[in-house]
Amino acid sequence: MTIQTPLGRASLRRRNFLVSAAAVAGGFSLGMRLPVGDGPAHAAQVKELNAWVVIHPDDKVVIRIARSEMGQGTLTGLCQLVAEELECDWKNVTWEYPTPGENLKRNRVWKNFSTGGSRGIRESQQYVREGGAMARQMLIAAAAADWKVPASECTASNSVISHPSGKKTTFGAVAAAAAQLEPPKEVKLKDPKGWKIAGKPVNRLDTVDKVTGKQIYGIDLTLPGMLVATVRACPVIGGKLKSFDAGRVEKMPGVKKVFAIDGNAVIVVADTYWNARTALAALPTEWDVGKLGEVQTETINAMLKEGLTATEAFVGNKVGDARTAIDGAAKKVEATYSFPYQHHVTMEPMNATARYTPEQCEVWCGTQNGEAAMAAASEASGLPVAQCDVHKLLLGGGFGRRGRADYVRQAVLAAKQLPGTPVKLIWSREEDMTHCQYHPTTMCKLTGGLDAQGNLVGLHMRISGQSILASLLPQNLQNGMDPVMFQGLAASGVEAAYGYTVPNLLIDHAMRNPHITAGFWRGVNTNQNAVYMESFMDELAEAAGQDPLAFRLKILKPKWADVLKAAADKAGYGKPLPAGHFHGIAQVMGYGSYVAGVAEVSVSADGMLKIHKITAATNCGHVVNPAQIERQVAGSFAYGLSAALYGEITVKDGAVEQTNFDSYNMLRIDEMPKVETVLVPTHDFWGGVGEPTIAVAAPAVLNAIAKATGKRVRNLPLMHHELKKGA
Amino acid sequence: MAVLNVNGKSMNFTADPRTPLLWVLREQLGLTGTKYGCGIAQCGSCTVLIDGVATRSCQVPLNSVGNRKVMTIEALAASGTLTKLQEAWVKLDVPQCGYCQSGMVMAATALLAAKPQPTDADIDAAMTNICRCGTYQQVREAIHAAAKA
Chain A
1 MTIQTPLGRA SLRRRNFLVS AAAVAGGFSL GMRLPVGDGP AHAAQVKELN AWVVIHPDDK
61 VVIRIARSEM GQGTLTGLCQ LVAEELECDW KNVTWEYPTP GENLKRNRVW KNFSTGGSRG
121 IRESQQYVRE GGAMARQMLI AAAAADWKVP ASECTASNSV ISHPSGKKTT FGAVAAAAAQ
181 LEPPKEVKLK DPKGWKIAGK PVNRLDTVDK VTGKQIYGID LTLPGMLVAT VRACPVIGGK
241 LKSFDAGRVE KMPGVKKVFA IDGNAVIVVA DTYWNARTAL AALPTEWDVG KLGEVQTETI
301 NAMLKEGLTA TEAFVGNKVG DARTAIDGAA KKVEATYSFP YQHHVTMEPM NATARYTPEQ
361 CEVWCGTQNG EAAMAAASEA SGLPVAQCDV HKLLLGGGFG RRGRADYVRQ AVLAAKQLPG
421 TPVKLIWSRE EDMTHCQYHP TTMCKLTGGL DAQGNLVGLH MRISGQSILA SLLPQNLQNG
481 MDPVMFQGLA ASGVEAAYGY TVPNLLIDHA MRNPHITAGF WRGVNTNQNA VYMESFMDEL
541 AEAAGQDPLA FRLKILKPKW ADVLKAAADK AGYGKPLPAG HFHGIAQVMG YGSYVAGVAE
601 VSVSADGMLK IHKITAATNC GHVVNPAQIE RQVAGSFAYG LSAALYGEIT VKDGAVEQTN
661 FDSYNMLRID EMPKVETVLV PTHDFWGGVG EPTIAVAAPA VLNAIAKATG KRVRNLPLMH
721 HELKKGA
Chain B
1001 MAVLNVNGKS MNFTADPRTP LLWVLREQLG LTGTKYGCGI AQCGSCTVLI DGVATRSCQV
1061 PLNSVGNRKV MTIEALAASG TLTKLQEAWV KLDVPQCGYC QSGMVMAATA LLAAKPQPTD
1121 ADIDAAMTNI CRCGTYQQVR EAIHAAAKA
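Line by line, the protein sequences give chains A and B. Count the first sequence with my numbering and you get residues 1 to 727, in order. Count the second sequence with my numbering and you get residues 1001 to 1149, in order.
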């Protein structure tokens, strides 16, 4: 089928390049790993079976994965799915990333590189499984041809092909012959009920190097002759650079070049990061921030508050006539909530390495979207995209932040100043903290009407605040409306539908967009929407004099109700708890999955909150790796509770006030509750896992706090609230 | 010319004496297993052992190290064999993105050296490293598992 693949040649080229890099490092060689996973030892000599599968004569299987690995386990999960259909021995599996440039050359054979929205597995499972199945059929066909028996009489298992006559051979022995065959036109995928590798809690493929310090992240990359740069952009997002005095720092140790980019940032290139950083700190800069310098958190909040009662709003979900129903209700409940800006805080600060020549631009970086990074490289370099490529490395955290390519653009602009020299651009944590695409800020006013029996007869949810699409992807707005605002609240659909049946419902959004850039932050808009809706459900239940679980189950649709019941059952909801402990519950549908959480908390007499335990249920349809799902669910609480307890970005004179971890705190091990994960898969759909559960973390805890203290916290983060009785 | 005792070897190199140990390790010595996370000794990604004490190397100037012994993550399995703690880490599949894990492993190595059978409270007190992926539950399990091994 193939001659030597372009990817094989590319791998060889990179390999030689990096081996020489390790040699240059001299006595401190660290067994540097290729930034292409466990790159095949003889990639150039071994023909692929197809884009997904390469099998070496020694039976080693290289599976190519286009989606990015940032800790979420997608890499291992996708490899499991390919290996399942391939029928190879899991012990033989290694992996590598194709580059977006190779994808472009091969007519996007690997399809989408973008890794966000918990889509990594659910949106690529079909074609990666087909890739594995096709490769298996080709291997069987090659063995059958050699044995002169019908392929239909042969079977494959554990990298061995067998025939009833007793003949046996290995994948490695027939791979070269199989690679010459035409791929089958059609393949039949296995019934998940018969899975042997997929669906099992196998260990990750990328663990050992992360435990020995050998894993090379973007920030660790070294190339021959490489220089290191660091950047300071205008502290007010949208402001401009007025002046800078390069002469003051050009003679400082190690400094190679000082220049401005994009009219809004200064870059220092030096021999080391530390020298670049030291010089940048000494570089006098003046900024022009104009009217943006007058923006404060208070002015943003006033803007949002106005939207809570504005006449004009985009309607996201409407049933019956909510306003009339509420006006005529026996009892009316009203509450206003708010949710601040938040930062992703990937542990690895933004960075990228670029090398520019007039003929070629190459980038090495951690990115959630290799193709977007390549497009940014093309735009910044001025070279056609066919002359650019991106070599992906594992990400030291993504959480949505590395879906953007702003840091790639800056690295390429820096490299363009020094043609032929690789330049690694590293953001300081301070730069990272102050130049994010932040989780947007919103407020929400909820009004509900109950009849005399305590039934919910009408509900109006007015969201006011920032749209991510307006900030990043205005072309995706629909007649001005941002449909993503209604995640978890949508009228229908398989992605993020509202689970309650309310006879009269209105959910609408008054868009108010401050100048702070908003972006996709793990869980995105399900996070605040679930805080608003699930907290208010408890408020309604209380007004109705009903238990919050019973109140919900009366109006929840079956799949939403089932997962909530599973969490409640496992947590022992309704049964006696230790003295002073209280349960709070929450549920949501997001990213194609149904999730629910039960938080068990206590609040001491002096107001100290302790989150003892979380019980979380997930129905993600098919389960590819239960151990990784458990880790994503537990991690979702670390992430969601960090935000609920501490997450708040504030604005002063137009600039973000928080600069590092001393002013932006996060949950540590002593505050991490025990998380028990309950998987209740119904095996009838493919849902996402990395994000949905974050949304239930905060409301479950807030509902438990209300039970424990009688205090209803409606404005996050929790650190601003005194939970002591009587305070 | 500066000299440091790193991972049992005497290392000679050139750097400004005020350079943080973190950046000397990463840039002068090529030991990139020690990570930069915050630069203000908050997150623990840069944790190394100095004379056996878990230390955040981003706040240690080069000229304060003297002849004390610096140990980085790269030294743990230098012989080709994982330590008991690393084995537990691998078996329990602790890392997610992995970026904070060098610091976690070094902090836990110091903890087990000081307290071979740590309690949960000991772990809470010693393991103040930040992990954004949320591996805390597995970190705790791995430390207990290594203590029992």
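A virtual CB, placed ideally from N, CA and C, is assigned to each residue, including glycine.
Quiz item: For chain B, is any of its Cβ atoms less than 8 Å away from the one on Ile-649 of chain A?
Solution: no
Quiz item: Looking only at its own chain, which residues have a Cβ that is under 7 Å from the Cβ of Glu-85 of chain A, when we skip the five neighbours before and after it?
Solution: Hits under 7 Å: Arg-129, Gly-132, Ala-133, Arg-136, Leu-189 and Lys-190.
Quiz item: According to DSSP, is Ala-490 of chain A helix, strand or coil?
Solution: strand
Exercise. Quick one: residues in its chain with C-beta nearer than 6 Å to the C-beta of Met-461 of chain A, no 5 flanking neighbours on either side, listed in chain order?
Key: Leu-446 and Ile-507
Quiz item: Going along the chain, which residues of its own chain have a beta-carbon closer than 8 Å to the beta-carbon of Glu-294 of chain A, five neighbours each way excluded?
Solution: Asp-653 and Gly-654
Exercise. Output, in sequence order along the chain, the residues in the region 1062-1088 of chain B whose CB is closer than 8 Å to any CB in chain A.
Key: Thr-1072, Ile-1073, Glu-1074, Leu-1076, Ala-1077, Leu-1082 and Gln-1086
Quiz item: Looking at C-alpha atoms only, which residue of A:Val-208, A:Ala-178, A:Val-624 and A:Ala-414 is the closest neighbour of Val-46 of chain A?
Solution: A:Ala-178
Exercise. Examine chain B for any beta-carbon lying closer than 8 Å to the beta-carbon of Val-208 of chain A, and answer yes or no.
Key: yes
Practice problem: Look up Gly-39 of chain A in the DSSP assignment and say whether it is helix, strand or coil. | Solution: Confidence at Gly-39 of chain A is low in this model, with a pLDDT of 42, below 50, so its placement is unreliable and no value can be given for it.
Practice problem: Give, in chain order, every residue of the region 1118-1129 of chain B whose Cβ lies closer than 7 Å to some Cβ of chain E. | Solution: In summary, chain E is missing from the structure at hand, where the protein chains are A and B.
Exercise. Starting from Asn-1012 of chain B, follow its DSSP beta bridges and name the residues at the other end.
Key: B:Val-1003
Quiz prompt | Neighbour list for Thr-1019 of chain B in chain A, Cβ cutoff strictly below 8 Å | solution = Close to Thr-1019 of chain B, with beta-carbon spacing below 8 Å, are these residues of chain A in chain order: Trp-274.
Quiz prompt | From A:Gly-238, A:Ile-585, A:Val-601 and A:Trp-560, residue whose alpha carbon lies closest to that of Gly-621 of chain A | solution = It is A:Trp-560.
Self-check item: Ala-698 of chain A vs Val-531 of chain A beta-carbon contact at 8 Å
Solution: yes
Quiz item: Hey, how far is the Cα of Arg-67 of chain A from the Cα of Gln-478 of chain A?
Solution: 28 Å
Practice problem: Go through the region 171-243 of chain A residue by residue and report every complete run of the beta strand (DSSP E) that reaches 3 residues or more, in order. | Solution: Taken in chain order, the whole beta strand (DSSP E) runs of length 3 or more contained in the region 171-243 of chain A are 227-233.
Exercise. Provide the residue span of the alpha helix (DSSP H) that contains Thr-299 of chain A, from first to last.
Key: 297-308
Practice problem: Using alpha carbons as the reference points, say which of A:Tyr-407, A:Arg-122, A:Cys-365 and A:Glu-359 lies closest to Pro-384 of chain A. | Solution: A:Glu-359
Quiz item: Which whole-angstrom value describes the C-beta separation of Thr-1152 of chain B and Leu-1031 of chain B, a residue pair presumed to lie in contact below a C-beta threshold of 8 Å?
Solution: Coverage of chain B is limited to positions 1001 through 1149, which leaves residue 1152 of chain B absent and any answer about it impossible.
Exercise. Spell out whether any CB of chain B is found under 8 Å from the CB atom of Ile-219 of chain A.
Key: yes
Self-check item: Among A:Ala-706, A:Val-390 and A:Gln-466, nearest to Gln-342 of chain A - alpha-carbon criterion
Solution: A:Gln-466
Self-check item: Simplified DSSP state of Gly-131 of chain A, which is helix, strand or coil
Solution: helix
Exercise. Per DSSP, which residues does Pro-1061 of chain B bridge with? Please list them.
Key: B:Pro-1020
Quiz prompt | Straight-line Cα distance separating Lys-1009 of chain B from Val-423 of chain A | solution = Between the C-alpha atoms of Val-423 of chain A and Lys-1009 of chain B there is a straight-line separation of about 30 Å.
Exercise. Determine whether the Cβ of Lys-214 of chain A lies closer than 8 Å to any Cβ atom of chain B.
Key: By this cut-off, Lys-214 of chain A is an interface position.
Self-check item: Test item: CB-CB of Ile-468 of chain A and Val-524 of chain A under 8 Å
Solution: A contact, by the Cβ cut-off of 8 Å.
Quiz item: Is the beta carbon of Tyr-217 of chain A sitting closer than 8 Å to the one on Glu-371 of chain A?
Solution: no
Quiz item: Closer than 8 Å, CB to CB, is Arg-1032 of chain B near chain A or not?
Solution: This sequence places Thr at residue 1032 of chain B; Arg is not what is there. It does: the Cβ of Thr-1032 of chain B has a partner Cβ on chain A nearer than 8 Å.
Self-check item: Exposure label - Met-433 of chain A; buried when at least 16 CB within 10 Å
Solution: It is buried - the Cβ of Met-433 of chain A has at least 16 other Cβ atoms within 10 Å.
Quiz item: Any idea which residues DSSP pairs Trp-95 of chain A with across the strands?
Solution: A:Ile-63
Self-check item: Whether Gly-590 of chain A touches Ala-700 of chain A by CB criterion (8 Å)
Solution: no
Quiz prompt | Neighbourhood of Thr-1135 of chain B by C-beta distance below 7 Å, restricted to the same chain and skipping five residues each side | solution = Once the five neighbours on either side are set aside, the close Cβ partners of Thr-1135 of chain B are Val-1094, Pro-1095 and Gln-1096.
Practice problem: Could you tell me which of A:Leu-577, A:Ala-586 and A:Ala-518 sits nearest to Phe-551 of chain A, measuring between CA atoms? | Solution: Put simply, of A:Leu-577, A:Ala-586 and A:Ala-518 the residue whose alpha carbon is nearest the alpha carbon of Phe-551 of chain A is A:Ala-586.
Quiz item: Mapping DSSP to helix, strand and coil, what is Asn-703 of chain A?
Solution: helix
Practice problem: Look at the alpha carbon of Ala-313 of chain A and the alpha carbon of Met-70 of chain A, and state the distance between them as a whole number of angstroms. | Solution: So the two alpha carbons sit approximately 37 Å from each other.
Quiz prompt | Exposure of Met-350 of chain A, with buried meaning 16 or more beta-carbon neighbours within 10 Å | solution = buried
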